[in-house]
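Novice: Each residue of the sequence shown is one higher than the one before, starting from 126 at the first, in this note's numbering. Even glycine gets a Cβ: it sits at the ideal position worked out from N, Cα and C. Small disclaimer: the values here were computed from a predicted structure and weren't measured.
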Amino acid sequence: MGDVRGVSGTVTYEWMESGFFLIQRVDLEQYGQRITGLEIIGHEKPFGSDPSEEIKSRFYSNTGDTLDYVYELEGDTLTIWGGERGSPAYAKSKISEDGNTGSGEWVYPGGGYRFTMTRAG
Numbered sequence: 126m127g128d129v130r131g132v133s134g135t136v137t138y139e140w141m142e143s144g145f146f147l148i149q150r151v152d153l154e155q156y157g158q159r160i161t162g163l164e165i166i167g168h169e170k171p172f173g174s175d176p177s178e179e180i181k182s183r184f185y186s187n188t189g190d191t192l193d194y195v196y197e198l199e200g201d202t203l204t205i206w207g208g209e210r211g212s213p214a215y216a217k218s219k220i221s222e223d224g225n226t227g228s229g230e231w232v233y234p235g236g237g238y239r240f241t242m243t244r245a246g
C-alpha cells in the first residue's frame, strides 16, 4: 500500500496451514500513528455447528482495539464491512483480472481514504 492521504505501509496475507483461515498482518503509518495488527479471516464455526455463510474476521491492533468485519466478494469487487454487512464503515475495491492489483476506498463516518494494493513476490 503506498502513501495515500496520510496512510502508508504494508498489509500482507498468508493462508493458515489448514487453509480454513486467512491471516492478515498490518503495519501502517496512519495520520502520524503507527498501527500494527493481526486479523484472522474465515467462516465462523462454533463447536458442533456448521460454518457461517458470511466470511467474518476480527482484527487485533497494537492500540488495544479489536475490530470485527464481514467480507463479501462479488465478481471482481471486494467489500469489507466494518462490524456488519450494510455498515456505514466499509472498504470497496476492484481486483484486476489477473488478481495482481486492486484499488478502492475506505469510507467511514467523518473520513476515509483511497488505497492501492499490489501483489508482492
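Is the beta carbon of Thr188 closer than 8 Å to that of Ile160?
Specialist: Contact check for Ile160 against Thr188 passes: the beta carbons are separated by less than 8 Å.
Novice: Leaving out the 5 sequence neighbours to the left and right, which residues in its chain are closer than 7 Å to Phe146 when beta-carbon positions are compared?
Specialist: Ile165, Ile166, Gly167
Novice: Roughly how many angstroms lie between the CA atoms of Gly127 and Met242, to the nearest whole one?
Specialist: Interpretation of Gly127 is limited by its pLDDT of 43, a score under 50 that renders its predicted location unreliable; the figure taken from the coordinates is listed afterwards. One C-alpha to the other measures close to 8 Å.
Novice: Provide the residue(s) that pair with Lys170 in DSSP beta bridges, ordered along the chain.
Specialist: For Lys170, which the question treats as bridged, DSSP gives no partner whatsoever.
Novice: Can you tell me where the beta strand (DSSP E) with Ser228 in it begins and where it stops?
Specialist: 226-233
Novice: Quick check on Phe145: does DSSP put it in helix, strand or coil?
Specialist: coil
Novice: Look at the alpha carbon of Gly157 and the alpha carbon of Ala216, and state the distance between them as a whole number of angstroms.
Specialist: Roughly 21 Å separates the two Cα atoms.
Novice: Determine the direct distance from the alpha carbon of Val195 to that of Trp206, and round the result to whole angstroms.
Specialist: Cα to Cα, the separation comes out at about 5 Å.
Novice: Just confirm the distance between the C-beta atoms of Gly229 and Lys219, as a whole number of angstroms; I'd bet it's less than 8 Å.
Specialist: 6 Å
Novice: Applying the criterion that 16 or more other CB atoms from any shown protein chain within 10 Å of the CB defines a buried residue, is Phe172 buried or exposed?
Specialist: With fewer than 16 other Cβ atoms within 10 Å, it is exposed.
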